[in-house]
Amino acid sequence: MLMINLILILLVGGIAALISQRFGDHIPRKVALAVVVFDLLYLLFALTAMPELETLQAPLPSDPQSWLMHYSAEWIPAFGIRIELAVDGLSLLMVLLTLILGAVAVSASWTDVQVRRGFFEANLLWTLAGVLGVFMAMDLFLFFLFWEVMLIPMYFMIAIWGHENRAYAAMKFFIFTQVSGLLMLVSILALVAVYQSNTGIWTFSYFDLLNTQMAEQTAFWLMLGFFVAFVVKLPGFPFHTWLPDAHTQAPTAGSVILAGVLLKTGAYGLIRFAVPLFPQASMEFAPIALWLGAAGVVYGAVLAFGQTDFKRLIAYSSVSHMGFVLLGVYAWNALALQGAVMQMVAHGFSTAALFMIAGSLQERLHTRDMREMGGLWQNMPRMGAVAMFFVVASLGLPGLGNFVAEFLVLLGLFQTDRWLTVIAALGLITGAAYSLLLMQRSFQGEPDKTRQLADFNSREMLTMAVMMIALIGLGLYPQPVLDIAAPVVESLLRFSTTVTGGPL
Amino acid sequence: MNASQMQALMPILMLSLTAVVLMIQASIKRDQKLAWIISAVGFVCALWATAYARNFTQPVTILLQVDSWSLFFSALILFAALVTLVLSRQSFSPEGERKEEYYLLLVLSVLGAVVLIQSSHMVTLLLGMELMGVALYAMIAFPEKGLLPLEAAIKYLVLSACASVILLFGFALLYAATGQLSYAGLGEQATIAYLSNPLLVMAGTAMVISGIAFKLSVVPFHMWTPDVYQGAPTPVTGFLATVSKGAVFVALTRLYMDAQLYQYPPLITALSIVAIASMLIGNLLALRQEDIKRLLAYSSIAHFGYLLVVLIALTGSGMASDAVTFYLAAYILTSLAAFTVIARVAGEDPKKTQLGAFEGLFWRDRIQATALTVAMLSFAGIPLTAGFMAKFYVISLSIQGSYWFLLSALIIGSAIAIYYYLRIIFSMSKASVGDGIVDGQKQDYSANLTALLLTAMILILGSWPQPFIAFAGGL
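The listed protein sequences correspond, in order, to chains A and B.
Each residue of the first sequence is one higher than the one before, starting from 297 at the first, in this note's numbering.
Each residue of the second sequence is one higher than the one before, starting from 109 at the first, in this note's numbering.
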C-alpha cells in the first residue's frame with residue numbers, strides 16, 4: 297500500500313492545491329511544497345522501518361517476492377490486467393530523485409508563476425504522481441497508462457504557462473511522446489498476444505512476460521517498439537528534436553521536471569523493459585544503439601555550442617548527456633550500467649539547477665538571449681558562483697557526480713567497443729567548451745552598470761544548496777548510490793546472460 | 109403473434125405510443141413544454157421497456173430479431189435520444205414559436221433507429237433506415253432562419269435518396285441471385301449462388317454495403333458529412349453522429365454476421381480499403397478545419413474507419429463482438445459529451461462554432477471545458493478514458509488477426525488525430541479577452557449536469573471497465 301499511498305498523496309495534494317487558491321494567491325505553492333515534502337518524508341520513514349535496505353539482496357527479475365516492495369491487486373481480470381507495483385533499488389533511486397526534484401520544482405515556481413497558481417501546482421503534482429507511477433508500475437498496461445497520463449498535466453504546464461512559442465512546443469512534445477507511445481502500446485499488446493498464444497493466459501505482468509518465447513523476427517520488431525518509445529523520451533539522436541523546444545518554452549518548474557525527471561523515464565524504461573524483455577534482440581541491436589548514443593553525445597554537444605539562447609544550450613547539453621545513458625545501457629556490463637544509473641541521478645540535479653538559474657535570469661532580465669547578458673557576476677555574485685558550480689558539474693569536473701557517471705560509462709564502454717569510447721570521450725571536450733562558453737557569455741565580460749538586479753535570495757540559495765550537496769556527495773562518496781543500484785544491475789546481467797547464453 | 113412476442117416488442121411499441129400521444133396532443137393543445145415532457149416520458153418508458161424485454165428475447169416473425177445485444181444498443185440509442193432532448197430544449201425554446209413538431213420528428217427518428225437495430229430482414233432494414241432518415245431531413249432544416257440548415261437538409265436529402273436507391277438495387281440483385289431477403293436465408297443461399305454466379309452476389313452485396321456506408325459516411329461516401337454537421341442545429345448534429353450512425357453500424361454488423369458476408373475475400377478487401385481510406389483521409393481533412401462541427405465531422409469519418417477494422421476482424425476472435433459493443437458505447441458517449449458542450453457554448457450561432465469562440469473556455473466555464481477536454485482525450489485514445497479502452501480493443505484485435513496494414517493505417521491516423529484534438533484543448537486553455545468574467549448567459553444546470561454525467565461515464569468506462577466488459581461479454 298505504501299506505493300499506492302505515495303501516488304495518491306500527490307494526486308489528492310494536487311486537488312488540494314487547486315482548491316486552496318480560493319484562500320489566497322500564495323497558498324497553493326505552500327500546499328504543494330508541503331505535499332511533496334510530506335510524500336518524501338513518508339517514503340523515508342517507511343524505508344527506515346524496512347530491514348531489507350541494509351542487506352539488499354539481488355532481486356530476481358522474474359520473482360516479485362525478492363523485490364524490496366511488491367503490491368498486486370486485481371483490476372481488469374478480463375484481460376489479466378492488475379494493479380501491480382514493485383520497487384527495487386533502481387526504482388527506489390528514481391523515486392527519491394523524483395520527489396527531491398519535485399520539491400525543487402515547487403521552489404522554482406515560487407515567484408515564476410504569476411497566474412492561475414492553484415492549477416499550476418496541481419499540474420505539477422499530478423505530473424510527479426504520473427512519473428512515480430512509471431517508476432513503480434510492473435503491469436505493462438498500468439505502466440503504459442502512467443506513461444501517457446503524465447503527459448497531460450505536463451502539456452498543460454507548457455501550453456498555459458510557457459513562453460512566447462508555447463503552442464508549438466507543447467504540441468510537438470505531446471505528439472512525439474504520444475505517437476512513440478502508440479508504437480509501444482502495439483508492442484505491449486503483441487507481446488501479450490504471443491504470451492497468450494503460448495500459454496493461453498492473459499497477463500500484462502512484467503514478471504510473467506519476462507520469459508516469453510517468441511520467434512527472433514517477432515522479438516526484434518517488438519523490441520523496436522519499446523526502444524523507439526524510450527529513446528524519444530530519453531531523448532536519443534535522432535528523436536531529440538522535441539526537446540529543445542519543449543525545454544525552452546516550458547516555465548522554469550516545467551523545465552526542471554522535464555529535464556530532471558521525465559527524461560529519466562526513458563532511460564529507466566530501457567533498463568527495466570526494453571533489454572530484459574528482449575535480451576536476444578537487444579544484443580543484436582546493441583551496436584546500432586551504441587552508435588546512436590555516441591552520435592547523440594557528439595551531436596548534442598556541437599549543437600549546444602552554437603546556441604545563443606541560455607535554455608536552449610542547456611537543452612542540447614541534455615541530449616549530449618543522455619547519450620551517455622544510452623551508451624551505458626547498451627554496453628550492458630556492470631560498470632557501464634552503474635554509470636548510466638549514476639548519470640541519471642547526477643544529470644537530474646545538475647540540469648535542474650541550470651534550468652532554475654536560467655529561469656531566475658529570465659525573471660530578472662526578461663530574456664534568455666546570452667548576447668544581451670554579460671558581466672552578470674558583477675550584478676549578482678551569489679548567482680554567478682552557483683552557476684559556476686553547476687556549469688563545471690555539468691562539464692564533468694572530477695569530484696562531482698557527473699564525472700563519476702561519465703567515467704564509469706566510458707570505462708564500461710571501453711570493454712565493449714574501444715573506438716566508440718574514443719568518439720564518446722570527444723563529447724567531454726566539447727562539453728567543456730560549450731559549458732565554459734555559457735559561463736563566459738552570460739556571467740563574465742563587461743557588466744552593464746545600469747542594471748539593478750536582485751541576487752539570489754535565501755529561498756533560492758537553499759534550493760541550490762540541496763542540489764550542490766547532492767552533487768558533491770555523489771562525486772566524493774558515490775558508494776551508497778552504487779550499492780543500492782548494484783544488486784539490480786547484477787541480477788539483470790545474470791538474467792540476460794542465462795537467456796542469451798553470453799554477455800550482451 | 110403471441111403475447112410474449114408483443115412483450116419483446118415493448119420498446120418499439122412504447123415509442124410508437126409516444127408518437128401517437130404527441131400527435132393527439134398537437135391537435136388538442138399546442139404546447140411546447142408539454143410536448144417536451146411527453147417525449148421525455150416516452151423515452152424513459154422505452155428505456156425501461158428495453159430492460160423489460162430482456163426476459164422475452166426471441167425472433168419476432170422473420171422481420172425483427174430481439175436479443176440482448178440489440179436491446180442493449182436500443183437502450184444506448186434511447187439514452188442518446190434523451191440527451192438530445194435535453195439539448196434541444198435550449199436550442200428550440202423560444203416561446204411563441206411553434207416547435208412541437210420537432211419532438212414528434214425526434215421520436216419517429218428514434219423509432220426508426222430502434223427498428224433498424226433489431227432488423228433481421230432487408231425490409232426492416234430499409235424501413236428503419238428510411239423512417240429514421242426522413243424524420244432527420246426535417247429535423248436538420250427545422251430552424252426557419254438561415255441558409256445553412258436548408259443547404260444541409262437538401263444535401264442530405266438528395267444524397268440519402270441516392271444511397272437508398274443503390275441499397276434497393278442491391279436488394280434486388282441479391283434477391284435475383286438467391287431468392288431470399290432475410291439475413292439468415294441470405295447467408296445460406298448466397299454461398300451456393302456465389303459458386304454459380306459470383307459476380308451477381310458480389311455486385312449485390314457491394315451495392316447494399318455502399319448504401320449503408322453512405323449513412324456511416326466512410327470514405328468515399330463522406331462528402332456530405334461536414335456540410336450537414338455544420339448546417340444542422342447542434343443537438344441534431346449530435347443526434348446524427350450518435351443515434352443515426354450508431355444504429356446503422358449495428359445493423360451493418362448484424363447483416364455482416366448473419367448473412368455471413370465475411371466468407372467473401374473480395375468483400376473483405378474492399379472493406380479494408382474503405383477502412384484504411386477513412387482512417388487516413390478523415391484524419392487528414394480534419395487537420396485544417398476551423399469550425400469545430402466540421403472538425404468533428406471528419407473525425408467521425410475516421411472513427412468509423414476504426415470501427416470497420418473491428419468489423420473486418422469479427423471472425424478472428426470471440427473478443428470482436430465485445431469490441432463493437434465497447435467501441436460504439438465509447439464513441440456515442442464521447443460524441444454526446446462533445447456536442448453537449450458545443451450546444452452550450454455555441455448555441456445556434458454559426459460564428460460561435462469556430463475554434464476561436466472556444467478560447468479561454470477553461471477560465472469562463474470550467475465544467476464545460478473539462479467535459480470537452482475529456483471528450484477530446486477520449487477521441488484521441490488517451491488512457492483512463494473510454495476511448496482508450498476502445499482503441500485497446502481495436503489494436504488487440506488487429507494484432508491477433510495479423511491485420512498489419514489496417515494496424516499501420518490506424519496508428520498513422522491516430523498520430524495525425526492527436527494534433528487537431530489537442531488544438532481544441534489548447535484553444536480552450538488560451539487566455540481570452542473575457543478572461544475571468546463569466547459571460548452573460550445564465551447558468552444552465554441541465555447542460556452542466558448532462559456534461560458532468562457524460563464525463564463521469566467516459567472516465568468510469570475508461571478507468572474501471574471490468575463491469576462493463578463482463579456485461580458486454582454476456583450479451
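Beta carbons are placed, not taken as given, at the ideal position from N, Cα and C, and that holds for glycine.
| task | With a 10 Å radius around its C-beta and 16 neighbouring C-beta atoms as the bar for buried, classify R138(B) as buried or exposed. | result | Within the second sequence, the letter at position 30 stands for residue 138(B). With fewer than 16 Cβ atoms within 10 Å of its Cβ, R138(B) is classed as exposed.
| According to the neighbour-count rule (16 or more other Cβ atoms, all chains shown, within 10 Å of its Cβ), is W422(A) buried or exposed? | Stepping through the first sequence from its first residue, residue 422(A) is reached at position 126. Buried: at least 16 other Cβ atoms inside 10 Å.
| field | Cut-off 6 Å between Cβ atoms - residues of its own chain near A486(A), not counting five sequence neighbours on either side | value | Here residue 486(A) corresponds to residue number 190 of the first sequence, with the count starting at 1. If we look at A486(A) and ignore the five residues flanking it on each side, its Cβ neighbours are L518.
| message | Less than 8 Å between CB atoms is the rule here; does Q462(B) satisfy it with respect to chain A? | response | Sequence index remark: in the second sequence, residue 462(B) carries index 354 (1-based). Judged by the 8 Å Cβ criterion, Q462(B) is not in contact with chain A.
| Name the DSSP beta bridge partners of S368(A), please? | As a position in the first sequence, residue 368(A) is number 72, starting the count at 1. BP columns for S368(A) point to E380(A).
| Is Q574(B) close to chain A, meaning its C-beta is less than 8 Å from at least one C-beta of that chain? | If you number the second sequence from 1, residue 574(B) lands on position 466. Yes, because at least one Cβ of chain A sits closer than 8 Å to the Cβ of Q574(B).
| Contact list for G508(B) against chain A, beta-carbon separation under 8 Å | Position 400 of the second sequence holds residue 508(B). The question names Gly, but residue 508(B) in the sequence shown is Gln. Under the 8 Å cutoff, chain A gives A489.
| said: In chain order, what are the residue ranges of uninterrupted alpha helix (DSSP H) at least 4 long that sit wholly in the region 728–788 of chain A? | reply: 754–772
| said: Just checking: is the beta-carbon of I545(B) within a distance shorter than 8 Å of some beta-carbon in chain A? | reply: Sequence index remark: in the second sequence, residue 545(B) carries index 437 (1-based). Here I545(B) scores only 45 on pLDDT, less than 50, and its place in the model is too uncertain to base an answer on.
| request: Measuring only between beta-carbons, confirm whether S380(B) sits less than 8 Å from chain A. | output: Sequence index remark: in the second sequence, residue 380(B) carries index 272 (1-based). For S380(B), the answer is no, since every Cβ of chain A falls outside 8 Å of its Cβ.
| said: Going by DSSP in three states, G548(B) sits in which element: helix, strand or coil? | reply: Indexing the second sequence from 1 puts residue 548(B) at position 440. Annotation note: pLDDT 49 at G548(B) (below 50); position unreliable, coordinate value reported separately. Three-state result, G548(B): coil.
| query | Is it the case that the Cβ atoms of A446(B) and L505(B) are separated by a distance below 8 Å? | reply | Here residue 446(B) is taken as the residue at index 338 of the second sequence, counted from 1. Here residue 505(B) is taken as the residue at index 397 of the second sequence, counted from 1. No.
| task | Output the distance between the C-alpha atoms of G548(B) and L314(A), rounded to the nearest integer angstrom. | result | In the second sequence, counting from the first residue as 1, residue 548(B) sits at position 440. In the first sequence, counting from the first residue as 1, residue 314(A) sits at position 18. Low confidence applies here, because G548(B) scores a pLDDT of 49, under 50, leaving its location unreliable; read the following figure in that light. Roughly 26 Å between the two C-alpha positions.
| said: Please state whether the Cβ-Cβ distance between Y626(A) and A585(A) is less than 8 Å. | reply: Position 330 of the first sequence, counting from 1, holds the residue named residue 626(A). Position 289 of the first sequence, counting from 1, holds the residue named residue 585(A). Yes, these two residues count as a Cβ contact at 8 Å.
| field | Near-chain B residues of the region 468–485 of chain A (beta-carbon distance less than 9 Å), N- to C-terminal order | value | F470, I471, Q474, V475, L478, L479, L481, V482, L485
| request: Enumerate in chain order the residues of its own chain whose CB-to-CB distance from A577(A) is below 6 Å, with the five nearest sequence positions on each side excluded. | output: The residue you call residue 577(A) lines up with position 281 of the first sequence. A515, F516, M519, listed in sequence order.
| message | Taking a contact to mean a Cβ-Cβ separation below 8 Å, would you say A517(B) touches L388(B) in this structure? | response | Taking the first residue of the second sequence as position 1, residue 517(B) is located at position 409. Taking the first residue of the second sequence as position 1, residue 388(B) is located at position 280. Yes, Cβ-Cβ distance for A517(B) and L388(B) is below 8 Å.
| query | V309(B) lies in the beta strand (DSSP E); which residues open and close that run? | reply | Looking up residue 309(B) in the second sequence gives position 201. Counting along the chain, V309(B) falls outside any beta strand (DSSP E), though it belongs to the alpha helix (DSSP H) covering 306–324.
| query | Is DSSP giving P341(B) helix, strand or coil here? | reply | As a first step, residue 341(B) must be located in the second sequence, where it is residue number 233. Residue state, collapsed to three classes: coil.
| Between the region 458–473 of chain A and the region 511–529 of chain B, do at least 3 Cβ pairs fall closer than 8 Å? | yes
| message | Using beta carbons (cut-off 8 Å, strictly below), is E444(A) in contact with chain B? | response | Position 148 of the first sequence, counting from 1, holds the residue named residue 444(A). It does: the Cβ of E444(A) has a partner Cβ on chain B nearer than 8 Å.
| query | Under the DSSP definition of a beta bridge, which residues are partnered with S290(B)? | reply | The sequence position of residue 290(B) within the second sequence is 182, counting from 1. Answer by DSSP bridge pairing, in chain order: H229(B).
| Which value, in whole angstroms, describes the spacing of the CA atoms of A498(B) and S483(A)? | Locating residue 498(B) in the second sequence gives position 390, where the first residue counts as 1. Locating residue 483(A) in the first sequence gives position 187, where the first residue counts as 1. Approximately 17 Å between the Cα atoms of the pair.
| Which of helix, strand or coil DSSP assigns to A555(A) | Within the first sequence, residue 555(A) is the residue found at index 259, counting from 1. Three-state result, A555(A): helix.
| said: Within 10 Å of its beta-carbon, does G385(A) have 16 or more other beta-carbons around it, so buried, or fewer, so exposed? | reply: Residue mapping note: residue 385(A) aligns to position 89 of the first sequence, counting from 1. The residue in question, G385(A), is buried, as its Cβ has 16 or more Cβ neighbours within 10 Å.
| request: Anything in the region 181–194 of chain B with a Cβ closer than 9 Å to a Cβ of chain A? List those residues in chain order, please. | output: none
| message | Please identify the residue among G464(B), E209(B), G150(B) whose C-alpha is closest to the C-alpha of Y246(B). | response | Here residue 246(B) corresponds to residue number 138 of the second sequence, with the count starting at 1. Reading off the sequence shown, one finds Ala at residue 246(B), where the question assumed Tyr. Here the closest residue by C-alpha is E209(B).
| P167(B): first and last residue of the uninterrupted beta strand (DSSP E) it sits in | By one-based count along the second sequence, residue 167(B) stands at place 59. Counting along the chain, the beta strand (DSSP E) containing P167(B) begins and ends at 166–168.
| What's the call for Q397(B), buried or exposed, on a 16-neighbour Cβ count within 10 Å? | Counting from one through the second sequence, the residue named residue 397(B) turns up at place 289. Its Cβ being crowded by 16 or more others within 10 Å, Q397(B) is buried.
| said: With H, G and I counted as helix, E and B as strand and the rest as coil, what does DSSP make of D321(A)? | reply: One-based indexing of the first sequence puts residue 321(A) at position 25. Here D321(A) sits in coil by DSSP.
| Is A314(B) close to chain A, meaning its C-beta is less than 8 Å from at least one C-beta of that chain? | Here residue 314(B) refers to the residue found at position 206 of the second sequence. Chain A contact via Cβ: absent.
| Best match in A385(B), A479(B), W572(B) for proximity to F513(B) [C-alpha to C-alpha] | Taking the first residue of the second sequence as 1, we reach residue 513(B) at position 405. Looking at the Cα atoms, A385(B) is the closest of the given residues.
| message | Let me confirm a value: A159(B) is counted as buried when at least 16 other C-beta atoms fall within 10 Å, else exposed. Which label applies? | response | As a working note, residue 159(B) is residue 51 in the second sequence. Counting Cβ neighbours within 10 Å, A159(B) comes out exposed, since fewer than 16 surround it.
| Looking at the C-beta of P373(A), does it have a partner C-beta in chain B at a distance below 8 Å? | For the purposes of this step, residue 373(A) is identified with residue 77 of the first sequence, where counting begins at 1. True, the Cβ-Cβ gap to chain B drops below 8 Å.
| Outcome for L420(A) when other beta-carbon atoms lying within 10 angstroms are tallied against a minimum of 16 | Here residue 420(A) corresponds to residue number 124 of the first sequence, with the count starting at 1. Buried.
| query | Would you say V571(A) and A720(A) are within 8 Å of each other, going by their C-beta atoms? | reply | For the purposes of this step, residue 571(A) is taken as the residue at position 275 of the first sequence. For the purposes of this step, residue 720(A) is taken as the residue at position 424 of the first sequence. Against a cut-off of 8 Å, the Cβ pair of A720(A) and V571(A) comes out as no contact.
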